[in-house]
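Sequential numbering of the sequence shown, starting at 457, is according to the numbering used here.
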Amino acid sequence: MAVAVATLSTLAALTACGGDEGEDRGSRESTIELPDLSGESLEVAAVWTGAERDNFLRVMDEFERLTGASVSFVPSGDNVSQFVGSKIEGGAPPDIVMVPQPGVLREFAENGWIAPVGDLVQEQLDANYTPGWQAVGQHEGEQYGVYVKVANKSLVWYSSTAFDYAGVSAPATWDEFVDTAWTVWESGTTPVSVAGGDGWTLTDWFENIYLSQAGPQAYDDLIAHEIPWTDQTVTDALTTLGELFGAHQLLAGGNGGSLQTDFPTSVTQTFINLETPDAAMVFEADFVGAVISDSTDAVIGEDALVFPFPAVGDGDPPVVSAGDAAVAVAPDGEASEAQEAMLAFLASTDAAAIWAGGGGMVSPNRSLDLDAYPNDVQRGIADALISAGDDFRFDLSDQTPAAFGGTTGQGMWQGLQNFLRNPDDIEGAQQYLESQAASAYGD
457 MAVAVATLST LAALTACGGD EGEDRGSRES TIELPDLSGE SLEVAAVWTG
507 AERDNFLRVM DEFERLTGAS VSFVPSGDNV SQFVGSKIEG GAPPDIVMVP
557 QPGVLREFAE NGWIAPVGDL VQEQLDANYT PGWQAVGQHE GEQYGVYVKV
607 ANKSLVWYSS TAFDYAGVSA PATWDEFVDT AWTVWESGTT PVSVAGGDGW
657 TLTDWFENIY LSQAGPQAYD DLIAHEIPWT DQTVTDALTT LGELFGAHQL
707 LAGGNGGSLQ TDFPTSVTQT FINLETPDAA MVFEADFVGA VISDSTDAVI
757 GEDALVFPFP AVGDGDPPVV SAGDAAVAVA PDGEASEAQE AMLAFLASTD
807 AAAIWAGGGG MVSPNRSLDL DAYPNDVQRG IADALISAGD DFRFDLSDQT
857 PAAFGGTTGQ GMWQGLQNFL RNPDDIEGAQ QYLESQAASA YGD
């Protein structure tokens with residue numbers, strides 16, 4: 457089932473508001489008691505770079521202040537499974553890893569690489585998380601992960617300057633979206649910035665179209681590989697996506713340029729030039745906001761606005777969620793006191809408030825005051841996700857085996873990059889995706 461977010465429709469109204477800042481959370485009273493860890497050191501690994509990494513490091517600064525521990529950050533790269541496996545083999549694994557895919561979390565648990573959470577962590581989860589968000593971090597009934605940073609991956613961010621100049625408004629359907637793109641192009645601005653250099657962004661394009669067009673049951677069946685990637689529903693979704701990817705005029709840099717564009721660049725080229733934007737729209741999750749704030753002068757709610765991913769055909773507007781779970785790496789089967797304290801802190805409203813204040817993220821912590829977010833647009837996005845409760849659909853690629861849904865140069869990432877390179881070859885893209893899926897699922 458897709459996320460049932462009644463408040464999502466309020467995003468259009470919120471984008472008309474200014475970027476009013478939330479109150480300073482630095483002096484808020486602590487909600488969690490942590491042990492004295494003076495002299496202890498922890499290494500935390502995550503895929504994040506740039507603004508996402510910097511916002512997380514602010515959270516780590518507070519953990520150091522509260523416990524006396526020393527925390528270091530190491531980049532894991534996109535292939536978290538390979539990174540952790542090699543570190544364990546080398547005898548020097550990180551203490552905490554941020555896992556971006558439930559499929560990878562399950563693999564880690566099956567391999568015996570991570571430890572279940574203890575009582576201190578579970579207390580914070582029970583106080584601040586719904587059963588649904590706890591369940592996503594479980595394997596075979598045991599709690600391993602703490603979802604610390606989640607995302608609404610069904611948002612299109614746009615330049616108010618470009619839309620005003622073209623005389624267009626936020627579209628509600630895919631047909632309107634394509635028409636809007638052509639109108640923007642006719643006005644002299646390239647319509648869409650696509651981060652084709654990062655295969656994961658292309659999976660998000662596909663998933664939103666597929667969920668809306670094929671429906672929730674087909675979405676679940678495709679995750680489980682109970683229907684093949686050569687199915688007609690996949691053909692239909694790629695045909696729809698091809699209406700955009702097949703028109704090189706609509707893409708910043710054309711198809712070739714899109715394949716050379718990474719995610720941060722896709723955002724900055726949309727918002728760094730406020731008067732004459734290089735692109736009018738960029739699709740991605742709420743974490744786009746962190747890049748806008750960190751790397752451009754655009755003001756969210758004024759220069760940078762957002763609308764929900766449009767409904768396709770007769771389908772409902774899609775809302776795809778994703779997130780990162782913190783896990784304790786413990787090949788010996790038991791987490792240390794310091795690892796437990798870190799996970800408990802990350803599950804607390806203390807950590808969530810600091811992280812949310814930096815913008816560009818949504819916390820699944822239901823106890824977090826929405827005032828922690830820096831502007832009305834991001835408060836609206838967060839409220840939409842929290843209001844959904846446990847009625848949500850998680851990112852499709854993140855729920856497949858990592859070899860298919862989360863690895864550079866193969867699986868969905870490569871298959872959809874192939875499709876962006878040659879959108880006319882739908883059959884070839886499907887055959888590649890099916891062969892990769894069959895291998896990854898062991899069919």
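Just so it is clear, CB atoms sit at the ideal spot from N, CA and C, and this is done for glycine as well. Note that this is a predicted model, so its numbers are computed, not measured.
> So, Q873 versus L715, is the Cβ gap smaller than 8 Å?
Replying inline: yes
>> Whole angstroms are fine: how far does the CA of A786 sit from the CA of F539?
In response: Taking the straight line from one Cα to the other gives about 15 Å.
> How would you write the range of the beta strand (DSSP E) that F763 sits in, first residue to last?
Replying inline: 760-764
> Secondary structure at V553, three-state DSSP: helix, strand or coil?
Replying inline: strand
> By how many angstroms is the C-alpha of T856 removed from the C-alpha of E682?
Replying inline: The straight-line gap from Cα to Cα measures roughly 12 Å.
> Between which two residues does the alpha helix (DSSP H) containing N537 stretch?
Replying inline: One detail in the question is off: residue 537 reads as Ser in this sequence, not Asn. Where S537 is concerned, the enclosing alpha helix (DSSP H) stretches over 536-545.
> Can you list, in chain order, the residues of its chain whose CB lies under 7 Å from that of G478, leaving out five sequence neighbours each side?
Replying inline: Per-residue confidence for G478 stands at a pLDDT of 39, beneath the threshold of 50, marking its modelled position as unreliable; no derived number is given.
> Would you report the Cα separation of D660 and V768, rounded to the nearest angstrom?
Replying inline: Roughly 15 Å between the two C-alpha positions.
>> Going by beta-carbon coordinates alone, are F765 and P774 separated by less than 8 Å?
In response: Yes. Within cutoff.
> Among I756, D742, D692, E796, which has the Cα closest to the Cα of D551?
Replying inline: E796
> With C-beta atoms as the reference, is Q580 less than 8 Å away from A800?
Replying inline: yes
>> Cutting at 7 Å between CB atoms, please list the residues of its own chain near I544, excluding the five before and the five after it.
In response: W569, P787
> So, do the stretch 720-728 and the stretch 740-760 have three or more beta carbon pairs nearer to each other than 8 Å?
Replying inline: Counting C-beta pairs with one atom in each stretch, the stretch 720-728 and the stretch 740-760 have three or more that are closer than 8 Å, which means they touch.
> Does the ligand NAD have even one heavy atom less than 7 Å from the beta-carbon of Q590?
Replying inline: Among the components of this structure there are no ligands whatsoever, and the ligand NAD is therefore not found.
>> Let's test the definition: count the other Cβ atoms within 10 Å of the Cβ of A680 and tell me whether it reaches 16, buried, or not, exposed.
In response: exposed
>> My output table needs one value for V606: the three-state DSSP class, helix, strand or coil.
In response: strand
>> Please report the distance separating the alpha-carbon of L889 from that of W656.
In response: 14 Å
> Roughly how many whole angstroms lie between the Cα atoms of F727 and E793?
Replying inline: 44 Å
> In whole angstroms, what separates the C-alpha of G816 from that of Q688?
Replying inline: 36 Å
> Helix, strand or coil for Y675 per DSSP?
Replying inline: helix
>> Assuming contact is defined by CB atoms lying nearer than 8 Å, are Y585 and V783 in contact in what I supplied?
In response: no
> When the Cβ atoms of the stretch 599-613 are set against those of the stretch 858-872, are three or more pairs found closer than 8 Å?
Replying inline: Counting C-beta pairs with one atom in each stretch, the stretch 599-613 and the stretch 858-872 have fewer than three that are closer than 8 Å, which means they do not touch.
> Taking the C-alpha atoms as reference points, what is the distance between L730 and S494?
Replying inline: Approximately 47 Å, taken between the alpha carbons.
> With distances taken between CB atoms, is the gap from A903 to T645 smaller than 8 Å?
Replying inline: Look at the range of the chain in this structure, 457 to 899, and you will see that residue 903 is not part of it.
> How many angstroms separate the CA atom of D880 from the CA atom of G506?
Replying inline: Answer to the nearest angstrom: the Cα atoms are 35 Å apart.
> How is L907 classed by DSSP in three states: helix, strand or coil?
Replying inline: This structure does not reach residue 907, given that the chain is present from 457 up to 899, and the question cannot be answered.
> For the alpha helix (DSSP H) that contains W656, what are its first and last residues?
Replying inline: 655-670
> What is the rounded straight-line gap between the Cα of W589 and the Cα of S643?
Replying inline: Those two C-alpha atoms are separated by around 44 Å.
> Using the rule of at least 16 other Cβ atoms within 10 Å of the residue's Cβ for burial, across every protein chain shown, is D517 buried or exposed?
Replying inline: exposed
>> Considering only their Cβ atoms, is the gap separating V833 from I756 smaller than 8 Å?
In response: yes
> Any idea if Y666 is buried or exposed, counting beta-carbon neighbours within 10 angstroms, 16 or more meaning buried?
Replying inline: buried
> Roughly how far, in whole angstroms, is the beta-carbon of S823 from the beta-carbon of A583, given that I think they are within contact range, below 8 Å?
Replying inline: Going by Cβ atoms, the distance from S823 to A583 rounds to 7 Å, so yes, they are a contact pair.
> So what does DSSP say about R822, is it helix, strand or coil?
Replying inline: coil
>> Judging by CA-CA distance, which residue of L561, L761, D851, N711 is the nearest neighbour of I837?
In response: With distances taken between Cα atoms, I837 lies closest to L761.
> Closest by CA to D575, which one among L490, N878, M554, A548?
Replying inline: Answer by Cα proximity: L490.
>> What does the alpha-carbon distance come out to for the pair S483 and E520?
In response: Its pLDDT being 45, under 50, S483 is placed unreliably by the model, and nothing is read from it.
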